[in-house]
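Chemist: Submitted below is the structure of interest, expressed as structure tokens.
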Ligand code: CUA
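Residue numbers (my numbering): 82 to 437.
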């Protein structure tokens, strides 16, 4: 990069930092009122399937800890008892072969332990996989892409990306309102994992996998792709926003309301630019000619908490930087540098900010 380009980039950053200081209020993304559950910890389950996995994990860990104690104690005992003595004559001790009893013991006991571990884990996997979903359960189709998540609500006519919004359920199984997830992939194998809510389930091309969520508490839960899927696997992040039932209704209503048409001259210019460049070949904006399906649906872009599938927070500066050159934020992502002039980026960002 030339010095001039570096200076211009630095200038942009300073400019946007100043703009941010001048305009501290940014459109509030949906779900920010709930607690942020950033620690993706499977030992703090807050959902039925995660709790079932937790129980199995604790039992398996206890068995493994027991084995560790036995092996470590024997090791310490032998190291101390058979250490070199002061009067050692240096001769090799007698070699002993073939003790049927000892060989049976160290073969049969591990087999029994392994069978117990297999039974414990396969029972849990089976219980989770075979759980009957109620007829009226909220259905969500989750499609993995390099490197973002497409999220469709077929029953509600909503399409979004990277943030799954669901209503809270109940610890009481009779009052539970689980969410049914159907998992697919558009390219390679990805894996859905939100440790506090559910175990890993792969998204495999040409295969329909399923899992479910049944959260006990509201919050913004952090998850990620758990199967290496290419350059930006680490930036294929996911949030599950668990709403109160009323909060979820409000979110659904807001997602269904069409965004207001562009008003200011800048917004109208950005709108025209968006539709005259190749943005429309990859992105969908409901009710417009933008019907691309390779990239995330932008109809309600401004209601999201992040851009680039969690790569950065969605704010004025990051949105501007992203439109200017996504490769700067998420190297190797499939959205190219569109070679836009700064004034064109200004206009497109102004238009994108009406999508709420
Ligand atoms: Cu998708 Cu890793």
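Here a beta-carbon is modelled for each residue, glycine too, at the ideal position from N, C-alpha and C.
Do the stretch 109 to 116 and the stretch 378 to 389 touch if we need at least three Cβ pairs shorter than 8 Å?
Modeler: The stretch 378 to 389 and the stretch 109 to 116 touch, with three or more beta-carbon pairs separated by less than 8 Å.
Chemist: Helix, strand or coil for residue 328? Go by DSSP, reduced to three states.
Modeler: helix
Chemist: Name the residue from 426, 283 and 382 whose alpha carbon lies nearest to the alpha carbon of residue 349.
Modeler: 426
Chemist: So, is the C-beta of residue 211 closer than 8 Å to a C-beta in chain D?
Modeler: Structure shown: chain D not included; a single protein chain is present.
Chemist: Whole-angstrom Cβ separation of residue 131 and residue 279, contact assumed at under 8 Å?
Modeler: 6 Å
Chemist: Which whole-angstrom value is the C-beta distance of residue 248 and residue 218, which I expect to be below 8 Å?
Modeler: Incorrect: roughly 11 Å between the Cβ atoms, too far for contact.
Chemist: Quick one: give me the first and last residue of the alpha helix (DSSP H) that residue 408 is part of.
Modeler: 407 to 410
Chemist: Short check: CB of residue 373 to CB of residue 362, under 8 Å?
Modeler: Yes. Within cutoff.
Chemist: Short of 7 Å in beta carbon distance, which residues of its chain neighbour residue 212, apart from the five on each side in sequence? Order them along the chain.
Modeler: 293
Chemist: Hey, how far is the Cα of residue 430 from the Cα of residue 198?
Modeler: 54 Å
Chemist: Looking at C-alpha atoms only, which residue of 231, 148 and 222 is the closest neighbour of residue 190?
Modeler: 148
Chemist: Just list the residues that DSSP pairs residue 118 with in beta bridges.
Modeler: 302
Chemist: Listed in chain order, which residues are found with a beta carbon closer than 6 Å to a heavy atom of the ligand CUA?
Modeler: 225, 228, 271, 306, 308, 309, 310, 314 and 317
Chemist: Let me check understanding here. Comparing Cα to Cα, which of 414, 352, 206 and 255 lies closest to residue 375?
Modeler: 414
Chemist: Any idea what DSSP makes of residue 220, helix, strand or coil?
Modeler: strand
Chemist: Which residues in the same chain have their Cβ closer than 8 Å to the Cβ of residue 289, if we skip the five residues on either side of it in sequence?
Modeler: 263, 264 and 265
Chemist: Residue 309 to residue 284, Cα distance in whole Å?
Modeler: Within the model, the alpha-carbon separation for residue 309 versus residue 284 is close to 12 Å.
Chemist: Let me check one thing: in DSSP terms, what residues is residue 320 bridge-paired to?
Modeler: Answer is 244 and 303.
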